[in-house]
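The numbers in the working numbering rise by one with no breaks, and the one at position 69 of the sequence shown is 176.
Virtual Cβ for every residue (Gly too), placed ideally from N, Cα, C.
Keep in mind it's a predicted model, so treat the numbers as computed, not measured.
Below is one structure, written out as structure tokens, with a few remarks after it.
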Amino acid sequence: MSKGSSPARRRITVVGAVFAVALGTGVSGAASATAAGDGAALACPVGYLCLQPQSGSRTVLVRQGERASFSPALRVAEVTNSTRVTYCVTGDFSYALGAGRTQSRESSVVSVAPMPPGGACLL
108 MSKGSSPARR RITVVGAVFA VALGTGVSGA ASATAAGDGA ALACPVGYLC LQPQSGSRTV
168 LVRQGERASF SPALRVAEVT NSTRVTYCVT GDFSYALGAG RTQSRESSVV SVAPMPPGGA
228 CLL
């Protein structure tokens, strides 16, 4: 960048670089694809559980520590946990999804919630 660059231009460049890393590489803010055993994980912001609907519509974000219910059930292609807690995913295929993990499997999700104290999902 030249010496004559304005502070606003430098700020835009930095913000653009951050977005490129977060969205382009999937390294920052996305769960590891290798942890799930698949080729590509959903880009998911740090601090969120992300549900990718099968319909290809907008990703559903659930902030760390919060729960969500879906009626009718949400048909998903992939669920990515970019939080620091394990989540219980309930539906036609219920499971515990650990921090930093991705589950790539078409299923219906009725609810998601942090794993309760004691370490067991009521599936």
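Can you list the beta strand (DSSP E) stretches of 3 or more residues lying completely in the segment 142 to 216, in chain order? As summarised for the segment 142 to 216, the continuous beta strand (DSSP E) elements at least 3 residues long and confined to that stretch are 155 to 160, 167 to 170, 175 to 188, 194 to 198, 202 to 204, given in chain order.
Can you give the Cα-Cα distance for Pro54 and Ser218, rounded to whole angstroms? Residue 54 falls outside the range modelled here, since the chain spans only 108 to 230, and no answer is possible.
Among the residues of its own chain, which have a CB less than 6 Å from the CB of Ser176, if the five just before and after it don't count? For the purposes of this step, residue 176 is taken as residue 69 along the sequence shown, with counting starting at 1. Closer than 6 Å at Cβ, skipping near neighbours: Ser218.
Go through its chain and collect everything with a Cβ distance to Gln161's Cβ below 7 Å, but skip five positions before and after it. Counting from 1 along the sequence shown, the entry for residue 161 is found at position 54. Arg182, Val183, Ala184, Glu213.
Should Thr187 be flagged as near chain E, meaning a C-beta pair shorter than 8 Å? Reference to chain E is not applicable here, since this structure consists of a single protein chain.
Distance between Gly226 and Ser233 (C-alpha atoms, nearest Å): Missing from the structure shown is residue 233; the chain here goes from 108 to 230 and no further.
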